[in-house]
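In my numbering, the protein residues as written are 54 to 293.
The beta carbon of each residue, even a glycine, is placed where N, CA and C say it ideally should be.
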């Protein structure tokens with residue numbers, strides 16, 4: 054249904070005037086920024102606690118039920134559920150007749166599917182991805198709130214948002230790669246840690262989509278910040 058809307062929505066709007074929707078878009082981005090900031094507060098400290106108190110192997114392999122306080126578990130669940138209402142982003146792009154780039158809709162579709170699969174299989178590495186994504190979203194959506202309300206400070210370097218997005222993809226790809234290694238070889242070398250609680254098919258799909266995100270965001274960075282005039286340089290409207 055979402056992908057059909059991406060296609061037929063563009064056709065429907067082709068000969069129509071774009072809707073303004075600036076007020077609704079401002080509130081929507083502020084809501085997503087606030088939600089993401091809340092999720093960041095609930096998940097980042099828990100991840101930092103795991104990193105500082107566990108072997109690295111356990112931070113990517115322990116099952117999801119060790120995510121800590123109920124607040125963290127709730128933030129993890131709501132993160133996965135939030136990928137459905139986040140599809141509204143595309144509604145604003147199409148109805149305002151803005152360019153709908155491949156990176157945008159591809160990211161929405163694959164993140165939604167990957168998050169749900171990771172959640173139902175209790176992926177041990179999930180907290181890494183969620184904490185990073187909440188953090189990037191908090192900054193990105195707040196920037197887009199400021200942009201919609203025309204309050205972005207002139208000094209703000211928008212390139213930093215895209216750098217955050219690319220950094221997330223680099224770390225995410227590395228986490229998936231290490232989890233694949235540990236899933237196959239780690240438990241044999243470190244039997245006291247036990248097996249890695251990540252499904253192999255989840256790792257394969259995760260590796261493919263994270264590597265593709267990394268490529269697409271780097272491509273976006275090069276085209277937007279290195280090959281185009283300064284006045285058109287804006288960060289990507291997506292991240293994972």
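Taking residue 111 as part of the alpha helix (DSSP H), name the residues at either end of that continuous run.
-> 109-114
With respect to the alpha helix (DSSP H) encompassing residue 277, which residues constitute its N-terminal and C-terminal limits?
-> Element bounds for residue 277: n/a, residue is neither H nor E.
In or out: residue 178 buried (at least 16 other Cβ within 10 Å) or exposed?
-> Residue 178 is buried by the Cβ-count criterion.
My guess is that residue 294 and residue 219 are in contact by the Cβ rule of under 8 Å, so how many angstroms apart are they, rounded?
-> In the structure as shown, the chain starts at 54 and stops at 293, and residue 294 therefore has no counterpart that could be examined.
Decide if residue 259 is buried, meaning its Cβ has at least 16 other Cβ atoms within 10 Å, or exposed.
-> buried
Applying the criterion that 16 or more other CB atoms from any shown protein chain within 10 Å of the CB defines a buried residue, is residue 130 buried or exposed?
-> That one is exposed.
Considering only C-alpha positions, which residue in the set 231, 180, 210 and 267 is nearest to residue 256?
-> When only C-alpha atoms are compared, the closest one is 231.
Can you tell me whether residue 82 is buried or exposed, with buried defined as 16 or more other CB within 10 angstroms of its CB?
-> buried
Cβ neighbours of residue 184 in the same chain (closer than 8 Å, five flanking residues each side left out) = Here residue 184 has 93, 96, 97, 99 and 100 as same chain residues with Cβ atoms under 8 Å from its own Cβ, once five neighbours each way along the sequence are excluded.
Say whether the segment 133-149 touches the segment 211-226, bearing in mind that this needs 3 or more beta-carbon pairs closer than 8 Å, one atom from each stretch.
-> no
Do you know offhand how far residue 55's Cα is from residue 228's?
-> If you take the alpha carbons of residue 55 and residue 228, they lie about 29 Å apart.
Between residue 167 and the rest of its own chain, which residues show a CB-CB distance below 7 Å, the 5 nearest in sequence each way excluded?
-> 258, 259 and 262
Alpha-carbon spacing of residue 128 relative to residue 155, whole angstroms = 28 Å
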